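No gaps in the numbering here: position 108 of the sequence shown is 98 in the numbering used here, and each next residue is one more. Written below as structure tokens is the structure these notes are about.
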Amino acid sequence: MKRFRTILILALCMLMLFACKKDNDTNEVVETIRKEELTRKINDIIPKQYQDTLAKLGIVLNQEVDPPNLEGAFGIKPLRLLKSNRPQDPANMVFTDVSVKFFNQDKDNNIKLIGKNFVGTADTSLVTAISGKGNDFTIYGKVRAKQGSNLAIFGIIVSGVKDGNLLRNVRYGIINVDNSQGGTVFIKQGEARAVFDTDLVSESIPMF
């Protein structure tokens, strides 16, 4: 009888281990699928070569699938050039303060943004995705930038760390992907800049 109980206990342990392994395998498969779907979504928004250009300029690409909730409005300032692929850009180049509103974030890594002064006086996302893990985030967007009657399409990547109601260590990169209606107002198609928040803190602001 004692031997039977021992065998039964061993069998139950084996079943539990098998069940745990099966659950872990299932979770890994689900996670892999989510990452693949997010990668495809991001590459549809900003083709890989443009992502690589901005990464070489110093933009961090957090590529996990569990970012923090970023909904809200933030002021990003004061701003200075980190790096550019334009030889004529001065190293100490400064930029107008940016205001940005993030909204409609969902479990499928979609999010929307409206910005002021990323590129033009009004930057509206056509399609946007968010990635990251813990407090680290990266937002990938394709935005329509307008300056008077001129219009261009830019890829934009914003990375940083969510800290309560603040964003820290924010960097953003822009690259012109369609300047067919932009004239000479914007940087040329294929040109890119990486910009950073020099005081490393981007505070929450009223919605606009």
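Glycine included, every Cβ here is placed at the ideal spot set by N, Cα and C. Small disclaimer: the values here were computed from a predicted structure and weren't measured.
Residue i to residue j, Cα distance in whole Å?
i    : j    : result
I101 : R76  : 30 Å
G110 : D87  : 12 Å
T188 : R158 : 10 Å
I143 : N82  : 26 Å
K31  : K46  : 21 Å
Please state whether DSSP places residue i in a helix, a strand or coil.
i    : result
A45  : helix
L103 : strand
D96  : coil
E193 : strand
Q53  : coil
K67  : coil
Exposed or buried, what is residue i when buried is set at 16 or more other beta-carbons lying within 10 Å of its beta-carbon?
i    : result
Q95  : buried
R70  : exposed
P80  : exposed
S199 : Limits of the chain in this structure are -9 at one end and 198 at the other, which puts residue 199 out of reach.
N99  : buried
V20  : exposed
P196 : exposed
Of the residues the options, which one's Cα is nearest the Cα of residue i?
i    : options                 : result
G105 : N99, P37, L116 and T174 : L116
V160 : R24, L28 and P68        : P68
G147 : V20, R24, T22 and K38   : For the record, residue 147 in the displayed sequence is Ile; it is not Gly. Considering only alpha carbons, the answer is K38.
Taking only beta-carbon atoms, is residue i less than 7 Å away from chain B?
i    : result
I120 : No chain B appears in the structure shown, which is made up of a single protein chain.
Compute every distance between the C-beta of residue i and the non-hydrogen atoms of the ligand ATP, then say whether any falls below 6 Å.
i   : result
A63 : Although the ligand ATP was asked about, the structure shown includes no ligands whatsoever.
Measuring CB atoms only, is the segment 131 to 140 touching the segment 53 to 61, in the sense that at least three cross pairs come out at less than 8 Å? Short answer: they don't touch.
Looking at C-beta atoms only, is the number of pairs between the segment 172 to 180 and the segment 137 to 153 that lie closer than 8 Å three or more? In short, these stretches touch, since the Cβ pair count reaches three.
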